Each structure stands twice: as C-alpha cells, then as structure tokens.
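Student: Sequential numbering of the sequence shown, starting at 0, is according to numbering that gives the first Met the number 0.
Take this structure, written in structure tokens, and hold onto it; I'll ask about it next.
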Amino acid sequence: MRAFLAIEIEDYIKQNIDRTQEIIKESDCARINYVKSQNIHLTLKFFGDIDEDKKKEICDVVNNVTSQYNEYKLKLVNVGAFRNINNPRVIWVGIKDKTTVDLIKELDVEFEKIGFEKERSYTPHITIGRVKNINDKAKLKDTLKSLQKEYYGKMDVKEIHLKSSTLTPSGPIYKTEETFKLGK
C-alpha cells in the first residue's frame, strides 16, 4: 500500500483554493496539473509503499504522538512555489501554525525510530498544482506574487489520517485507512 499521513482540509478552504487555481489558469502562462479539490490535503509524512506490519508500527507511533496534542486551529495563508517563485515546479498554499510544525517534527523523530528516513527541511504546505511547462515566466511570477498575501481560512484540527494512494491515469485516488483523534 502506498501511504501517507495527512490533515483533511475543510470544504470552504478548498473552495478558496479552487478560486486561486482559477486565477492562475486564467493567466494562461503555464501548463499546470492542478490538484483536484477532493484530493487537497496537508501531508504530514509520505511513507511510500508499506506492508501491514509497517502499517501497524505507523499506527502505534501516531496514536502515541497524537494523544499528546489537543485540538488546535490551523491557518492557511499565502501562495508559494518550490524551487522558488522565479522557477516554480510545485505551487502551494502555506500554513501559519507552530503546532503543526511541532507535530510534524515529533512524528518525524518517532518515524525515524521505526526505519523511515528523517525529513531534511520540510515546509508544511498544501500542493495545489505541479508546473509542467511555462509559456510566460514573467506573467506566472507576477500572478503568483499577486497571491502571496492571500488568506484561505482557519480550521479546527481534531484528527489526522493515514491514507492510501492508488495512482490511476486520471490522477490519484485517496482512501482513508485509519483516523487518529487528537486529545490528551
């Protein structure tokens, strides 16, 4: 099973992200594969292919860590890009929240103990599109810059999910395998 750990994003925030995708599409300056609204999420950790034994180990770690966290607010802001805004390959919406960063770091330390590679430097983000070809680099840069101060919303984080991903020609299909409630 190809798996990852994620926070689901509330529908009203997805609608705000959809509007941002439309603004970028209308600029008509690049060929971009956009993440479908139903697939928008905040990845905490990508595991790759795992078996049932590894799934159980992951679940044990996540249960232990999430039991130490209370529900909290997650604020979604800004548009950014990896490599960078001058040479974008991935377009994303950022988060503004210390709790999520702390949660990711703590999970990463525990996942390393069960054999997963530690993340180097991770910028928590929601991928909204992957750039395939740029027709007008200056226009794309200007469009992304115009979205850098956007506010997408604030939501309650009450749980995180272990999800499986099946790749298909029309895009990935995600399925929730396990749900972990936050709470001390």
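Every residue, glycine too, gets a C-beta built ideally from N, C-alpha and C.
Computed from a predicted structure; not experimentally measured.
Pair every Cβ in the segment 40-56 with every Cβ in the segment 102-121, then say whether three or more of these pairs are closer than 8 Å.
Tutor: Inter-segment contact for the segment 40-56 and the segment 102-121 is present: three or more beta-carbon pairs are separated by less than 8 Å.
Student: To test your reading of the DSSP string, which unbroken beta strand (DSSP E) runs of 3 or more residues are found completely within the segment 141-169?
Tutor: 150-156 and 158-167
Student: Does the Cβ of ASP10 have 16 or more other Cβ atoms within 10 Å, making it buried, or fewer, making it exposed?
Tutor: Around the beta carbon of ASP10, a 10 Å sphere encloses fewer than 16 other beta carbons of the protein chains shown; the residue is thus reported as exposed.
Student: Counting only the same chain and skipping the five closest in sequence on each side, list residues whose C-beta sits under 6 Å from that of GLY128.
Tutor: ILE31, TYR33 and ILE90
Student: Any idea which residues DSSP pairs LEU171 with across the strands?
Tutor: Checking the sequence, you will find Pro at residue 171 rather than Leu. Bridge partners of PRO171: LEU166.
Student: Measuring CB to CB, does PHE179 end up less than 7 Å from THR42?
Tutor: no
Student: Run through DSSP, which three-state label would VAL64 get?
Tutor: helix
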